[in-house]
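Visitor: Here you go, one structure.
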Amino acid sequence: MAEVLASGGGVRNPALMERIRDRILPARLGTYDDLGLAGEAKEAYLFALIGFLAWHGLPGSVPACTGARRAPVAGRITPGHLPLDLPEPATTVPRSLRVVASDA
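Residue numbers (the numbering used here): 732 to 835.
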């Protein structure tokens, strides 16, 4: 393990962060904020990613990490009474996710 990312209120606790840092050496301890992602928004990023994967019929987990026998689609999109306009589903599984800040 090369790096551990911490999030939540505990990242503002210097004693806790020091204790975690000592326990994971030689791995680096960082936060989502260090990567330019607001730590408070991690759930929003996660649900956006799960929605993207579900729409495209792509697995939302890795069996080697979860112990599952297969990699299922995580979630289901149920449109409301108005038309739902979504892009065509992807034909390949994405290998990375890039989050870019906007000035808007």
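Beta carbons are placed, not taken as given, at the ideal position from N, Cα and C, and that holds for glycine. These numbers were taken from a predicted model, which means no experiment stands behind them.
(1) Look at the Cβ atom of tyrosine 763, then the Cβ atom of leucine 736, and state whether they are nearer than 8 Å.
(2) What would DSSP say about proline 790, mapped onto helix, strand or coil?
(3) In three-state DSSP terms, what is valine 824?
(4) Would you mind working out which of Arg800, Glu819 and Ala769 sits nearest alanine 785, comparing C-alpha positions?
(5) Have a look at glutamate 749 and arginine 759 and give me their C-alpha separation to the nearest angstrom.
(6) Can you round the beta-carbon distance between glycine 806 and glycine 782 to whole angstroms, since I take them to be within the 8 Å contact cut?
(7) What are the start and end residues of the alpha helix (DSSP H) that includes proline 749?
(8) Of all the options Ser738, Ala746 and Ile751, which has the alpha carbon lying nearest to the alpha carbon of lysine 773?
(9) Considering only their Cβ atoms, is the gap separating alanine 802 from serine 792 smaller than 8 Å?
(10) What is the C-beta distance between leucine 789 and valine 824, in whole angstroms, given that I count them as a contact (C-beta under 8 Å)?
Guide: The relevant details are as follows:
(1) Tyrosine 763 places its beta carbon less than 8 Å from that of leucine 736.
(2) Proline 790 falls in the strand class under three-state DSSP.
(3) Here DSSP, grouped into helix, strand and coil, assigns valine 824 to coil.
(4) If we check each option's Cα against that of alanine 785, Glu819 comes out closest.
(5) So the alpha carbons of these two residues sit roughly 11 Å apart.
(6) Glycine 806 to glycine 782, Cβ: 7 Å. Contact.
(7) Sequence check: residue 749 is glutamate here, not proline. Element bounds for glutamate 749: 745 to 755.
(8) That would be Ser738, whose Cα lies nearest to the Cα of lysine 773.
(9) Cβ atoms of serine 792 and alanine 802: closer than 8 Å.
(10) Right, their Cβ atoms sit about 5 Å apart.
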